[in-house]
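S.K.: Handing you this structure, nothing more for now.
2 protein chains.
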Amino acid sequence: MAKQIYIAVVGLGGVGKAFLSQLEFLRQRLAQQSPAIDLRLILARRSQKQLFNSNWEHLDINTVSAQLDKNGTPPPPFNETFGQLARAPGRVVLVDNTSDVGLASLYPMVLQRGISVVTPNKKAFSDRYELWDSIFKSAANGSGSASNGYVFHESTVGAGLPVLSSLKELVETGDEVTKIEGVFSGTMSFLFNSFQPLGGGGGKFAAEVKKAKELGYTEPDPRDDLNGLDVARKLTILARIAGLPVESPTSFPVQSLIPKELESCSSGDEFMEKLAQFDSQMETIKEDATNEGKVVRFVGSIDVPSKQVKVGLEKFDASHPIAALKGSDNIISFYTKRYGSNPLIIQGAGAGGDVTAMGVTGDLIKVIRLLQ
Amino acid sequence: MAKQIYIAVVGLGGVGKAFLSQLEFLRQRLAQQSPAIDLRLILARRSQKQLFNSNWEHLDINTVSAQLDKNGTPPPPFNETFGQLARAPGRVVLVDNTSDVGLASLYPMVLQRGISVVTPNKKAFSDRYELWDSIFKSAANGSGSASNGYVFHESTVGAGLPVLSSLKELVETGDEVTKIEGVFSGTMSFLFNSFQPLGGGGGKFAAEVKKAKELGYTEPDPRDDLNGLDVARKLTILARIAGLPVESPTSFPVQSLIPKELESCSSGDEFMEKLAQFDSQMETIKEDATNEGKVVRFVGSIDVPSKQVKVGLEKFDASHPIAALKGSDNIISFYTKRYGSNPLIIQGAGAGGDVTAMGVTGDLIKVIRLLQ
Numbered sequence: 001m002a003k004q005i006y007i008a009v010v011g012l013g014g015v016g017k018a019f020l021s022q023l024e025f026l027r028q029r030l031a032q033q034s035p036a037i038d039l040r041l042i043l044a045r046r047s048q049k050q051l052f053n054s055n056w057e058h059l060d061i062n063t064v065s066a067q068l069d070k071n072g073t074p075p076p077p078f079n080e081t082f083g084q085l086a087r088a089p090g091r092v093v094l095v096d097n098t099s100d101v102g103l104a105s106l107y108p109m110v111l112q113r114g115i116s117v118v119t120p121n122k123k124a125f126s127d128r129y130e131l132w133d134s135i136f137k138s139a140a141n142g143s144g145s146a147s148n149g150y151v152f153h154e155s156t157v158g159a160g161l162p163v164l165s166s167l168k169e170l171v172e173t174g175d176e177v178t179k180i181e182g183v184f185s186g187t188m189s190f191l192f193n194s195f196q197p198l199g200g201g202g203g204k205f206a207a208e209v210k211k212a213k214e215l216g217y218t219e220p221d222p223r224d225d226l227n228g229l230d231v232a233r234k235l236t237i238l239a240r241i242a243g244l245p246v247e248s249p250t251s252f253p254v255q256s257l258i259p260k261e262l263e264s265c266s267s268g269d270e271f272m273e274k275l276a277q278f279d280s281q282m283e284t285i286k287e288d289a290t291n292e293g294k295v296v297r298f299v300g301s302i303d304v305p306s307k308q309v310k311v312g313l314e315k316f317d318a319s320h321p322i323a324a325l326k327g328s329d330n331i332i333s334f335y336t337k338r339y340g341s342n343p344l345i346i347q348g349a350g351a352g353g354d355v356t357a358m359g360v361t362g363d364l365i366k367v368i369r370l371l372q
Numbered sequence: 001m002a003k004q005i006y007i008a009v010v011g012l013g014g015v016g017k018a019f020l021s022q023l024e025f026l027r028q029r030l031a032q033q034s035p036a037i038d039l040r041l042i043l044a045r046r047s048q049k050q051l052f053n054s055n056w057e058h059l060d061i062n063t064v065s066a067q068l069d070k071n072g073t074p075p076p077p078f079n080e081t082f083g084q085l086a087r088a089p090g091r092v093v094l095v096d097n098t099s100d101v102g103l104a105s106l107y108p109m110v111l112q113r114g115i116s117v118v119t120p121n122k123k124a125f126s127d128r129y130e131l132w133d134s135i136f137k138s139a140a141n142g143s144g145s146a147s148n149g150y151v152f153h154e155s156t157v158g159a160g161l162p163v164l165s166s167l168k169e170l171v172e173t174g175d176e177v178t179k180i181e182g183v184f185s186g187t188m189s190f191l192f193n194s195f196q197p198l199g200g201g202g203g204k205f206a207a208e209v210k211k212a213k214e215l216g217y218t219e220p221d222p223r224d225d226l227n228g229l230d231v232a233r234k235l236t237i238l239a240r241i242a243g244l245p246v247e248s249p250t251s252f253p254v255q256s257l258i259p260k261e262l263e264s265c266s267s268g269d270e271f272m273e274k275l276a277q278f279d280s281q282m283e284t285i286k287e288d289a290t291n292e293g294k295v296v297r298f299v300g301s302i303d304v305p306s307k308q309v310k311v312g313l314e315k316f317d318a319s320h321p322i323a324a325l326k327g328s329d330n331i332i333s334f335y336t337k338r339y340g341s342n343p344l345i346i347q348g349a350g351a352g353g354d355v356t357a358m359g360v361t362g363d364l365i366k367v368i369r370l371l372q
């Protein structure tokens, strides 16, 4: 008889929708190749509505969004939902496509109830260290009981790129990671590849921010990218996997590209209007780099032996892989004892619904294999 | 009580020795973090000698090489050894660090007996398609029974770089891989990065081959690199994972860099002596590339929709990531529907005992998790 694995999806934005489409693909593939596994979507939940199949039957993925609009009910508190899921007649996987730290704070309890978690929720793994510690003390693939749930979060850094799995493998096989360096934000990548392209050119900083916003590369309020916190969260996660118990994304130096004078702006619109007044600051930085034959990029780095984590602008030679990055690509370099002077490099799109969902679906496949 | 997992290692050359050292690291880490798992090395075997602990106790890894020299006995046929291993009082993992296709042809039987296989043995997965098919029909992570062994072979392409796991994830999550392209040989990478470095220069071809041989970058007989077969084997493996049932590494166009006139050389030494007579052929290729502002590199590529696999020299713009490669690094680019115009790129050392063993140890960790 087929073994049921129950999938509960929370968050149905861009990533959530792309995940559902990949889940449908996976169900069909498993039906052909591994008929012993029966994946069932039993919960679809967004902020105001949810559909929960308390008879543990599969919700049709192709129509679930429409059904949710039409027949969704106001969702109960998460605690209540997880209590219901724990009573499923088989193993449950929670797919958290939100960025809700409140939900993340429930992961330890969720894992202890035998429910696995796969998620691109950065906040869950970059908030206070105590939450990180508590999550991995509760996970079957941490130091929790073997009957607890598994947790995977590949998409929290570099979306679907195999960044965390590669770092974990370096650490678990005994390599010494000495330095991690890269461009970890698609927004910052696009912005600086336009502001100072290899070979010269590029517009004024405020104009490039405006262009990036118009093309949909920034958050609705670009200050949420320019403050560097998104990159700091990713560095926090990488540093912790590399063995540094970083307390939070604000416990190391993070350079904000929001001019001091504009920190008090009451809205993103006001900020965007005034940003051009500070173009000369960024222009000086660009000229300094040009004079040295370099380009400026917004990067994060972790020096493991000295335990130094930092986020901000750095200058790179034209021949450096970080300088040659294109579009909104991420690049992550792992310098290790085994890899010597040439690092292990992973590069490609690090944002977007489809590639982020791919990391989540890849994690789900790992959990399914472990639960099989 | 701790669960024993029994490790049988065949092949104790550069990769085998590096693997043993990583296995010792892994045992110590597991003893601290997952005391429920007890890894035991029970067999160490090379061509002329073996040590087999038929009482299923752990062989001391630090002294196993010396013990093997001193107390090793002539090994019985593999069939007999696998019959003994199948009687272990727990799950067994065979670590095949050889490049023996005869041993590989026994994998299906080994897997059917519940023994898992982790290996960097390229020949096992690039020989006739029937063997590939038979291996995956026998594996628990193929279409074999859940009680059969698991098989992983990350190090057969790009050594420890996460090449196969990334391609599998793209395929399993429903992305459409359109093209795979890269430099898959550390030898060819080093040779062409010296023969025609970015920015000009470089020596004559025969002199660069001689230098590469002296520095230990080539096989003892450099013809084993220059014939392109090593790259063709890797392309065969990638193509099969991408869904193309390539029959063998000789069933698609492979450009050999051995001049026709030298195919009949009776020894590597004779070949090396005469190679310089053909420098003008390679010089013409280099000049043609230079005139177009390009460099020539030895690459493999797979066009998935048209099912075309090929291996040979290609010209690349200076701005192409393949042109910018350094030392003996590999680079592998996956062009897919989700990643769009900028591919997912993985780059770094693709040869060497430590990084190859890392891929094997990483695979062993996956098997341990699945057997747990």
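If you're matching them up, the sequences are chains A and B in order.
Heads up: the first sequence runs through residues 1 to 372, numbered per full-length UniProt numbering.
Heads up: the second sequence runs through residues 1 to 372, numbered per full-length UniProt numbering.
Each residue gets a CB set at the ideal place from its N, CA and C atoms; glycine is no exception.
From a predicted model like this one, the values you see are computed outputs, not experimental measurements.
1) If the cut is a Cβ gap below 8 Å, which residues of chain A does Ala2 of chain B touch?
2) Please determine, among A:Asp329, A:Leu229, A:Gly359, A:Lys294, the residue with the shortest C-alpha to C-alpha distance to Val311 of chain A.
3) Whose CA, out of A:Val177, A:Phe278, A:Gly11, lies closest to the CA of Tyr339 of chain A?
4) When the Cα of Pro249 of chain B is compared with those of B:Thr187, B:Ser126, B:Phe334, which residue comes out closest?
5) Pairing CB atoms from the region 280 to 300 of chain A with CB atoms from the region 152 to 163 of chain A, are three or more of them under 8 Å?
6) Would you tell me roughly how many angstroms separate the C-alpha atoms of Phe78 of chain A and Asn53 of chain A, rounded to the nearest one?
7) Just checking: is the beta-carbon of Phe25 of chain B within a distance shorter than 8 Å of some beta-carbon in chain A?
8) What residues in its chain sit with their C-beta under 8 Å from that of Lys49 of chain B, if we drop five residues either side in the sequence?
9) Give every residue of the same chain whose Cβ lies closer than 7 Å to the Cβ of His58 of chain A, excluding the five residues on either side of it in the sequence, and list them in chain order.
10) Among all the DSSP beta bridges, which residues are the ones paired with Asp38 of chain A?
11) Excluding the 5 residues preceding and the 5 following Ser34 of chain B in the sequence, name in chain order all residues of the same chain whose CB lies nearer than 7 Å to its CB.
12) If you draw a straight line from the alpha carbon of Asp100 of chain A to that of Gly14 of chain A, how long is it in whole angstroms?
13) Listed in chain order, which residues of the region 307 to 320 of chain A have Cβ atoms closer than 8 Å to some Cβ of chain B?
14) Rounded C-beta distance between Tyr129 of chain B and Pro245 of chain B? I'm assuming under 8 Å.
15) Ordered along the chain, which non-local residues of its own chain (more than five positions away) have a Cβ less than 6 Å from that of Leu43 of chain B?
16) Work out the CA separation of Leu164 of chain A and Leu238 of chain A for me, nearest whole Å.
17) Work out the CA separation of Ile37 of chain A and Asn62 of chain A for me, nearest whole Å.
18) For Gly202 of chain B, which residues of its own chain have a beta-carbon under 8 Å away from its beta-carbon, when the five flanking residues on both sides are left out?
19) For a contact meaning CB atoms closer than 7 Å, what does Asn342 of chain B contact in chain A?
20) Since Ser166 of chain B contacts Asn330 of chain B with CB under 8 Å, what's their CB separation in whole angstroms?
21) Quick check: what's the CA-CA separation for residue 376 of chain A versus Ser21 of chain A?
22) Could you list which residues in chain B have their beta carbon closer than 8 Å to that of Tyr339 of chain A, in chain order?
23) Who are the Cβ neighbours of Pro89 of chain A in its own chain at under 8 Å, not counting the five residues just before and after it?
24) Leaving aside the five residues before and after Lys213 of chain A along the sequence, list all residues of the same chain whose C-beta is less than 6 Å from its C-beta, in chain order.
25) Around the C-beta of Ala146 of chain B, are 16 or more other C-beta atoms found within 10 angstroms, so that it is buried, or is it exposed?
26) Taking beta-carbon pairs under 8 Å, can you tell me which members of the region 132 to 163 of chain B lie near chain A?
27) According to DSSP, is Gly16 of chain B part of a helix, a strand, or is it coil?
28) Measuring straight from C-alpha to C-alpha, what distance separates Ala357 of chain B and Asp175 of chain A?
29) According to DSSP, is Ser189 of chain A helix, strand or coil?
30) For Leu215 of chain A, which option in A:Gly327, A:Gln372, A:Leu370, A:Ala2 has the closest C-alpha, if you only look at C-alpha atoms?
31) Is Ile332 of chain A closer than 8 Å to Ala242 of chain A when the C-beta atoms are compared?
32) Give the straight-line distance between the Cα atoms of Tyr217 of chain A and Gly348 of chain A, rounded to the nearest whole angstrom.
33) Can you have a look at Pro253 of chain B and say buried or exposed, based on whether 16 or more other CB atoms are within 10 angstroms of its CB?
34) Give the straight-line distance between the Cα atoms of Lys274 of chain B and Val10 of chain B, rounded to the nearest whole angstrom.
35) So, does the CB of Ile345 of chain A fall closer than 8 Å to a CB anywhere in chain B?
36) With Asp60 of chain A as the anchor, note down where its alpha helix (DSSP H) starts and where it stops.
M.R.: Quick answer:
1) Counting from 1 along the second sequence, the entry for residue 2 of chain B is found at position 2. The contacting residues do not exist; Ala2 of chain B stays about 12 Å from chain A at best.
2) Taking the first residue of the first sequence as 1, we reach residue 311 of chain A at position 311. The residue with the shortest Cα to Cα distance from Val311 of chain A is A:Leu229.
3) If you number the first sequence from 1, residue 339 of chain A lands on position 339. Closest option to Tyr339 of chain A, Cα to Cα, is A:Val177.
4) Residue numbering aside, residue 249 of chain B sits at position 249 when the second sequence is read from its first letter. Looking at the Cα atoms, B:Ser126 is the closest of the given residues.
5) no
6) Translated into the one-based positions of the first sequence, residue 78 of chain A becomes position 78. Translated into the one-based positions of the first sequence, residue 53 of chain A becomes position 53. Distance between the alpha carbons of Phe78 of chain A and Asn53 of chain A: 16 Å.
7) Here residue 25 of chain B is taken as the residue at index 25 of the second sequence, counted from 1. By this cut-off, Phe25 of chain B is an interface position.
8) Locating residue 49 of chain B in the second sequence gives position 49, counting from the first residue. Counting only Cβ-Cβ distances below 8 Å, and skipping sequence neighbours, we find Leu68, Asp69, Gly72, Thr73, Pro74, Pro75.
9) If you number the first sequence from 1, residue 58 of chain A lands on position 58. Cβ within range, chain order: Arg40, Leu41.
10) Taking the first residue of the first sequence as position 1, residue 38 of chain A is located at position 38. Paired residue(s): A:Gln4.
11) Position 34 of the second sequence holds residue 34 of chain B. Here the set comprises nothing.
12) Within the first sequence, the letter at position 100 stands for residue 100 of chain A. Within the first sequence, the letter at position 14 stands for residue 14 of chain A. Straight-line Cα distance between these residues: approximately 15 Å.
13) Ser319
14) As a first step, residue 129 of chain B must be located in the second sequence, where it is residue number 129. As a first step, residue 245 of chain B must be located in the second sequence, where it is residue number 245. Right, the Cβ-Cβ distance comes to about 6 Å (below 8 Å), so this counts as a contact.
15) As a working note, residue 43 of chain B is residue 43 in the second sequence. The answer, listed in chain order, is Ala8, Phe52.
16) As a working mapping, residue 238 of chain A is identified with position 238 in the first sequence. As a working mapping, residue 164 of chain A is identified with position 164 in the first sequence. Near 7 Å, if we compare the C-alpha coordinates of Leu164 of chain A and Leu238 of chain A.
17) Counted from its first residue, the first sequence places residue 62 of chain A at position 62. Counted from its first residue, the first sequence places residue 37 of chain A at position 37. Using only the alpha carbons, I get a separation of about 20 Å.
18) Position 202 of the second sequence, counted from the start, is the residue given in the question as residue 202 of chain B. Here the set comprises Ser194, Phe195, Gln196, Glu208, Lys286.
19) Locating residue 342 of chain B in the second sequence gives position 342, where the first residue counts as 1. What Asn342 of chain B touches in chain A: Lys326, Gly327, Asp329, Gly348, Ala349.
20) Counting from one through the second sequence, the residue named residue 166 of chain B turns up at place 166. Counting from one through the second sequence, the residue named residue 330 of chain B turns up at place 330. Not a contact, Cβ separation roughly 13 Å.
21) The structure shown does not extend to residue 376 of chain A, since chain A spans only 1 to 372, so no value can be given for it.
22) The residue labelled residue 339 of chain A in the question sits at position 339 within the first sequence. The contacting residues are Gly348, Ala349, Val355.
23) Walking along the first sequence from the start, residue 89 of chain A turns up at place 89. Contacts found: Gln4, Trp56.
24) As a first step, residue 213 of chain A must be located in the first sequence, where it is residue number 213. Closer than 6 Å at the Cβ level, and outside the excluded window around Lys213 of chain A, lie Pro222.
25) As a first step, residue 146 of chain B must be located in the second sequence, where it is residue number 146. The residue is exposed, with fewer than 16 neighbouring Cβ atoms inside 10 Å.
26) Asn141, Ser143, Ala146, Gly160, Leu161, Pro162
27) Numbered from 1 along the second sequence, position 16 holds the residue referred to as residue 16 of chain B. Three-state result, Gly16 of chain B: helix.
28) Position 357 of the second sequence holds residue 357 of chain B. Position 175 of the first sequence holds residue 175 of chain A. Going from the Cα of Ala357 of chain B to the Cα of Asp175 of chain A covers about 11 Å.
29) Here residue 189 of chain A refers to the residue found at position 189 of the first sequence. Helix, per DSSP.
30) Against the first sequence, residue 215 of chain A aligns to sequence position 215. Nearest of A:Gly327, A:Gln372, A:Leu370, A:Ala2 to Leu215 of chain A, Cα basis: A:Gly327.
31) To locate residue 242 of chain A, count along the first sequence from 1; it is residue 242. To locate residue 332 of chain A, count along the first sequence from 1; it is residue 332. Result no, Cβ atoms of Ala242 of chain A and Ile332 of chain A do not sit closer than 8 Å.
32) Here residue 217 of chain A corresponds to residue number 217 of the first sequence, with the count starting at 1. Here residue 348 of chain A corresponds to residue number 348 of the first sequence, with the count starting at 1. C-alpha separation (whole angstroms): 15 Å.
33) Sequence index remark: in the second sequence, residue 253 of chain B carries index 253 (1-based). Classification for Pro253 of chain B: exposed.
34) On the second sequence, position 274 is the one that residue 274 of chain B refers to. On the second sequence, position 10 is the one that residue 10 of chain B refers to. So the two alpha carbons sit approximately 38 Å from each other.
35) Sequence index remark: in the first sequence, residue 345 of chain A carries index 345 (1-based). Chain B contact via Cβ: present.
36) Here residue 60 of chain A refers to the residue found at position 60 of the first sequence. Unbroken run through Asp60 of chain A: none, as it is neither H nor E.
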